[in-house]
Amino acid sequence: MLDHARHPRNRGGLELAEIVRRGRNPQCGDEIEVGIAVARQARGEVLASARFRGRGCAVCIASASIATDALCAMTRADAVRLTREMTRWFGAGGAAPSGISPALQALALVRDYPARLRCALLAWQALSEALDPDAVKPSTPG
Amino acid sequence: MLDHARHPRNRGGLELAEIVRRGRNPQCGDEIEVGIAVARQARGEVLASARFRGRGCAVCIASASIATDALCAMTRADAVRLTREMTRWFGAGGAAPSGISPALQALALVRDYPARLRCALLAWQALSEALDPDAVKPSTPG
Amino acid sequence: MRRQVQEDFPFLREAAGPLRYLDNAATTQKPLQVIEAFSRCYRAACAPVHRGLYPLAARATADYEAARRRLAQFIGAPRAEEVIFTRSATDSINLVACAWARRQLRPGDRVWVTRLEHHSNFLPWQKICRERGAELRIIELGRDGRPDFDAASELYGARTRLIAISQVSNVLGIVNPVQQVAGRARARGIAVLVDAAQAAAHERIDVGALDCDFLAFSAHKMYGPSGIGLLYAAAPRLAEMEPFIVGGGMVDEVGESESTWVPAPARFEAGSPDAAGAVGFAAAADYLDAIGVGALGAHVRALADRAMRCLSEISEVEIYGPSQEGQRAGIVSFNVKGLHPHDVAQVAGEEGVALRAGHHCCQPLMKHLGISGTVRASFAVYNDESDIEALCAAVRRARRLLLSE
Amino acid sequence: MRRQVQEDFPFLREAAGPLRYLDNAATTQKPLQVIEAFSRCYRAACAPVHRGLYPLAARATADYEAARRRLAQFIGAPRAEEVIFTRSATDSINLVACAWARRQLRPGDRVWVTRLEHHSNFLPWQKICRERGAELRIIELGRDGRPDFDAASELYGARTRLIAISQVSNVLGIVNPVQQVAGRARARGIAVLVDAAQAAAHERIDVGALDCDFLAFSAHKMYGPSGIGLLYAAAPRLAEMEPFIVGGGMVDEVGESESTWVPAPARFEAGSPDAAGAVGFAAAADYLDAIGVGALGAHVRALADRAMRCLSEISEVEIYGPSQEGQRAGIVSFNVKGLHPHDVAQVAGEEGVALRAGHHCCQPLMKHLGISGTVRASFAVYNDESDIEALCAAVRRARRLLLSE
Ligand SMILES: Cc1ncc(COP(=O)(O)O)c(C=O)c1O
Ligand SMILES: Cc1ncc(COP(=O)(O)O)c(C=O)c1O
Numbered sequence: 020m021l022d023h024a025r026h027p028r029n030r031g032g033l034e035l036a037e038i039v040r041r042g043r044n045p046q047c048g049d050e051i052e053v054g055i056a057v058a059r060q061a062r063g064e065v066l067a068s069a070r071f072r073g074r075g076c077a078v079c080i081a082s083a084s085i086a087t088d089a090l091c092a093m094t095r096a097d098a099v100r101l102t103r104e105m106t107r108w109f110g111a112g113g114a115a116p117s118g119i120s121p122a123l124q125a126l127a128l129v130r131d132y133p134a135r136l137r138c139a140l141l142a143w144q145a146l147s148e149a150l151d152p153d154a155v156k157p158s159t160p161g
Numbered sequence: 020m021l022d023h024a025r026h027p028r029n030r031g032g033l034e035l036a037e038i039v040r041r042g043r044n045p046q047c048g049d050e051i052e053v054g055i056a057v058a059r060q061a062r063g064e065v066l067a068s069a070r071f072r073g074r075g076c077a078v079c080i081a082s083a084s085i086a087t088d089a090l091c092a093m094t095r096a097d098a099v100r101l102t103r104e105m106t107r108w109f110g111a112g113g114a115a116p117s118g119i120s121p122a123l124q125a126l127a128l129v130r131d132y133p134a135r136l137r138c139a140l141l142a143w144q145a146l147s148e149a150l151d152p153d154a155v156k157p158s159t160p161g
Numbered sequence: 003m004r005r006q007v008q009e010d011f012p013f014l015r016e017a018a019g020p021l022r023y024l025d026n027a028a029t030t031q032k033p034l035q036v037i038e039a040f041s042r043c044y045r046a047a048c049a050p051v052h053r054g055l056y057p058l059a060a061r062a063t064a065d066y067e068a069a070r071r072r073l074a075q076f077i078g079a080p081r082a083e084e085v086i087f088t089r090s091a092t093d094s095i096n097l098v099a100c101a102w103a104r105r106q107l108r109p110g111d112r113v114w115v116t117r118l119e120h121h122s123n124f125l126p127w128q129k130i131c132r133e134r135g136a137e138l139r140i141i142e143l144g145r146d147g148r149p150d151f152d153a154a155s156e157l158y159g160a161r162t163r164l165i166a167i168s169q170v171s172n173v174l175g176i177v178n179p180v181q182q183v184a185g186r187a188r189a190r191g192i193a194v195l196v197d198a199a200q201a202a203a204h205e206r207i208d209v210g211a212l213d214c215d216f217l218a219f220s221a222h223k224m225y226g227p228s229g230i231g232l233l234y235a236a237a238p239r240l241a242e243m244e245p246f247i248v249g250g251g252m253v254d255e256v257g258e259s260e261s262t263w264v265p266a267p268a269r270f271e272a273g274s275p276d277a278a279g280a281v282g283f284a285a286a287a288d289y290l291d292a293i294g295v296g297a298l299g300a301h302v303r304a305l306a307d308r309a310m311r312c313l314s315e316i317s318e319v320e321i322y323g324p325s326q327e328g329q330r331a332g333i334v335s336f337n338v339k340g341l342h343p344h345d346v347a348q349v350a351g352e353e354g355v356a357l358r359a360g361h362h363c364c365q366p367l368m369k370h371l372g373i374s375g376t377v378r379a380s381f382a383v384y385n386d387e388s389d390i391e392a393l394c395a396a397v398r399r400a401r402r403l404l405l406s407e
Numbered sequence: 003m004r005r006q007v008q009e010d011f012p013f014l015r016e017a018a019g020p021l022r023y024l025d026n027a028a029t030t031q032k033p034l035q036v037i038e039a040f041s042r043c044y045r046a047a048c049a050p051v052h053r054g055l056y057p058l059a060a061r062a063t064a065d066y067e068a069a070r071r072r073l074a075q076f077i078g079a080p081r082a083e084e085v086i087f088t089r090s091a092t093d094s095i096n097l098v099a100c101a102w103a104r105r106q107l108r109p110g111d112r113v114w115v116t117r118l119e120h121h122s123n124f125l126p127w128q129k130i131c132r133e134r135g136a137e138l139r140i141i142e143l144g145r146d147g148r149p150d151f152d153a154a155s156e157l158y159g160a161r162t163r164l165i166a167i168s169q170v171s172n173v174l175g176i177v178n179p180v181q182q183v184a185g186r187a188r189a190r191g192i193a194v195l196v197d198a199a200q201a202a203a204h205e206r207i208d209v210g211a212l213d214c215d216f217l218a219f220s221a222h223k224m225y226g227p228s229g230i231g232l233l234y235a236a237a238p239r240l241a242e243m244e245p246f247i248v249g250g251g252m253v254d255e256v257g258e259s260e261s262t263w264v265p266a267p268a269r270f271e272a273g274s275p276d277a278a279g280a281v282g283f284a285a286a287a288d289y290l291d292a293i294g295v296g297a298l299g300a301h302v303r304a305l306a307d308r309a310m311r312c313l314s315e316i317s318e319v320e321i322y323g324p325s326q327e328g329q330r331a332g333i334v335s336f337n338v339k340g341l342h343p344h345d346v347a348q349v350a351g352e353e354g355v356a357l358r359a360g361h362h363c364c365q366p367l368m369k370h371l372g373i374s375g376t377v378r379a380s381f382a383v384y385n386d387e388s389d390i391e392a393l394c395a396a397v398r399r400a401r402r403l404l405l406s407e
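Structural data, given as structure tokens:
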């Protein structure tokens, strides 16, 4: 996670994105934009790219880096499912979504710091909106 | 004091009073009326009579009984002074007004029960208003 | 039951002189379990809630939110966010009046309360109704001395916005049919607030089953610390509430002339939370559940019935409220003819029997009964039959001492 | 000084692992003297305040009112009735906004605050000004980073009703010239509210000398319990205040549609008072006076100066607020270039150094500084130089860990 914070992947280059969504947390001054591009392939719509830009704390940046890394090349349906499961898991706890990568599991560490939860969620929520503009925005603790 | 409560002096007979004032304490449902009659004598205005009627707890009744007893036959000036000193003494504590009777001193017992202070003060305040209608009504604890 | 809890209540040993504490409806004593939960918070190192990034602060936040979840569970609230910590029952009810009713009430709307209500569930409605041009209506007592909900015509009428009633009367011990009222109100879209101040310690509260909109009580009347209470607000009503007290901890973004708020419950908890109070509050819930609220209720009801029987044997004693047994929560109000209630309580107090006397913050009820006040004995887990004997002896003594005839 | 108080603070022994608690501006730790005053209230037998006629209740009332007198004396208030117990500084300020300003403000009137204010001394004014059509004006910071009272033209103008300013900034440690502002405002009949939340523990407060109208603070930031605070309101202002929270204990007579109130302070303290909290609050005042507020202030100021010196030796550290020594109360805010303040605080937290990071409930100030937040170290009686070494070591570690270059 620290590595993602210091060397974030998929940062910048939102010019090519098809859908851009913004996430803000006035509590921390975090502001992030995520952008995705979708390609139609044999197996359905696939995320050709997922990138982000913005400023935030290490948790926020690492989470954005990990999230975009994880989603890239997934089908849209899988990506929607994963973002949903991850946001639920951050909030409610319980068992990790099955089959997630160690990087994703590392994000769970923030659950020990409720104050950081919203930082970790920011990119996921923005991505979730980008992927599925009809989804209800979940309310987050302040 | 108990004796004054069980056998109150100067109760009733307000028909002859020249000035009547009322005291109420909605907290206890106490309601008292005091009436005084003033006679002009060589040494100045003198309280020819001081009486009360009403209902209230033992402290309220005893205090009214003791107060009317004490004031009767005093000059108006002395009476004004005594009611002022007594009300101050109930509220603020400190040394007893000089030269007061044992019955008056007994009233100080209510200082141990702040909840009863207003009961003890009721008659004194009404008397004070009757004696000196211009006096400012002191505020009392609730 | 007293023997069972003897060790839990230090006041039983530490009080100077014999103490028959029968003023439990005003405030209860605290068991060691609560005192210790409480002082542990202060000894072990304090930290601010919701704002820290170091482990101690994370723990303070976790403890505070765990207390919220514990209390949500205690009252059967489906979601912890529906539990707002306040200073007291009074504070909770004012919050509903100012944050919800102020916005909801239109001129001509009606708010109903019963004749029995405590000032804390009466004055906020009087005030907000005046302010909004709404009408405060009173459910009067019927022949049997209970609020006559059926006689209150238009109670469920189209103009009614809110029915605010106590679950248990703090004077008469009457248990109101809150469940039934809530059910009928629900069907007509009328909001119901339950003042559970007197119910929290000795009656099971289940907002899920009750299906009420708001419910309020204080910790200090259920063996918990003073200075903290809670408001349950059902999610749909919560969404209708505006911020009331504003300040740190409840704002999301402060704008030039307008601001945005964080979600409930924090939205309604401006200022530094009382974390130790919340932990003590939850410890009180633990304590009650360990004994069993059902057993506690049965215990205080049995004592109240017994007190009623014994008092009624004293001549000139008049008892208010339901006269059948098993009908009242652990509260008995009475008067001795010819004696002012304050005097009875004072004589009893000097004998070590702690009774409350006066209007009990229920002047509307006193006016209705045509009296200035009552003497009240109210029971708790640590009381037993010997307290009732002492009570009756004290009443007899007051008669001897104060009645001249 | 730490050695002197070592025995007083159980958290120094009981905290798991080494703890450098430097979040004292958020909440302080509690000395045994306070914890014990507090739990004694609960062990010895509780009783309701203001309502009982038995000796225990009389004692509870006496203790509560003695606490009020003690705090009146602590802040130099001429009359104990001018001290109202509230839940917190936030609550106190809201009380002034709702009970006083709501009635006083006319459309076009002005309320002034500084750019530094805590949300709790900003949002209540924003809200009430909107509601009353009044204008909220901001005293901006000057070149030297302090509120420039002289540049705020019309601050003492005819339309100004109220100036609400903090005595000490919780972010920058700036001490505002409250005495001078109050003096000038007084001459023009303008009311002044002082938010003394950060001053109460370490600055002498003397409302008599200050001659302000209102002053607010919380117990929990001055070594006292959480859940209680106070409002000082000068008698003439008190007389202008309307009841706010209504309920038990503050009403004299409940009428059909209107009610009459008991005099202040009870008029503004609806609901069962937090007697144990008040006693703990007074014990905190005793504790401070025993050490001496002057000595305490000197101690935390010296630590802040030292922290400033040490931090400024770390490259890329930027310190906010006054840079001369002796100019700041015991609070230092800073940032490490390239690092988010949350991350610095979290790394420090894992090293046992408890720092606060974020906007500190001062978003208007953060906007002005153009930053999202700061890292803040704030000092108390139990801190010493070793804490500052630990602080600087933690900041260095955060740089090593998080800066990739
Ligand atoms: C300057 C200032 N004012 C007001 C407050 C609010 O205090 P509380 O949260 O105890 O109400 C604080 C502390 O958070 C503060 O630092
Ligand atoms: C029925 C009822 N409602 C409300 C209250 C108010 O509780 P508190 O004073 O703790 O706010 C009380 C207790 O005094 C009560 O008995």
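Protein chains in written order, with my numbering: chain A, 20 to 161; chain B, 20 to 161; chain C, 3 to 407; chain D, 3 to 407. Where is the CB? At the ideal position from N, CA and C, for every residue including glycine. Remember, it's a predicted structure, so these values are computed and weren't measured experimentally.
Mind listing, in chain order, the continuous beta strand (DSSP E) runs of no fewer than 3 residues lying wholly within the region 60-137 of chain A?
-> 63-74
Indicate whether residue 47 of chain D and residue 23 of chain C have their beta-carbon atoms separated by less than 8 Å.
-> yes
The alpha helix (DSSP H) enclosing residue 81 of chain C, as first and last residue numbers | Segment: none, residue 81 of chain C is in no alpha helix (DSSP H) and carries neither H nor E.
Out of C:89, C:80, C:358 and C:272, point me to the one whose CA is closest to residue 222 of chain C's CA.
-> C:89
At 4 residues or longer, and completely inside the region 76-150 of chain D: list those alpha helix (DSSP H) runs for me, N to C.
-> 91-97 and 125-134
Taking buried to mean at least 16 other C-beta atoms within 10 Å of its own C-beta, is residue 54 of chain C buried or exposed?
-> buried
How about the region 117-126 of chain C and the region 240-259 of chain C: do they share at least three Cβ pairs that are nearer than 8 Å?
-> no
At which residues does the beta strand (DSSP E) containing residue 320 of chain D begin and terminate?
-> 319-322
Proximal residues of chain C, C-beta to C-beta of residue 77 of chain B below 7 Å = 342, 345 and 404
When the cut-off is 8 Å and only beta carbons count, does residue 159 of chain A lie next to chain D?
-> Confidence in residue 159 of chain A is poor, its pLDDT being 40 and thus under 50, which makes the residue's placement too unreliable to answer from.
Going along the chain, which residues of the region 373-403 of chain D sit with their C-beta nearer than 8 Å to a C-beta in chain A?
-> 373, 374, 375 and 403
Please confirm whether any heavy atom of ligand 2 lies closer than 7 Å to the CB of residue 27 of chain C.
-> yes
Decide if the region 256-270 of chain D is in contact with the region 7-21 of chain C; the criterion is three or more beta carbon pairs, one per stretch, under 8 Å apart.
-> no
In terms of residues, what are the limits of the beta strand (DSSP E) holding residue 9 of chain C?
-> Where residue 9 of chain C is concerned, there is no enclosing beta strand (DSSP E), given that its DSSP letter is neither H nor E.
Separation of residue 29 of chain D from residue 172 of chain D, as counted between CA atoms = 11 Å
At a Cβ threshold of 8 Å, is residue 46 of chain B touching chain D?
-> yes
Just tell me which of A:54, A:95 and A:50 has its CA closest to the CA of residue 75 of chain A.
-> A:50
By Cβ distance, which residues of its chain are closer than 7 Å to residue 337 of chain D, with the 5 residues on each side in sequence left out?
-> 320, 343, 373, 376 and 377
Return yes when at least one heavy atom of ligand 1 lies under 7 Å from the C-beta of residue 200 of chain D, else no.
-> yes
Counterpart residues of residue 377 of chain D in DSSP-defined beta bridges = D:336 and D:359
Compute the beta-carbon to beta-carbon distance between residue 167 of chain C and residue 323 of chain C, rounded to the nearest angstrom, for a pair I have assumed lies under 8 Å.
-> Going by Cβ atoms, the distance from residue 167 of chain C to residue 323 of chain C rounds to 16 Å, so no, they are not a contact pair.
Around the C-beta of residue 189 of chain D, are 16 or more other C-beta atoms found within 10 angstroms, so that it is buried, or is it exposed?
-> exposed
Residue 147 of chain A classed as buried or exposed, judged by whether at least 16 other C-beta atoms fall within 10 angstroms = buried
In chain D, which residues lie less than 9 Å from residue 41 of chain A when you measure between Cβ atoms?
-> Within 9 Å Cβ-Cβ: nothing; residue 41 of chain A doesn't reach chain D, min ~16 Å.
Does DSSP put residue 234 of chain C in a helix, in a strand, or in coil?
-> strand
Return helix, strand or coil for residue 50 of chain A, following the three-state DSSP convention.
-> strand
Helix, strand or coil: how does DSSP classify residue 27 of chain C here?
-> coil
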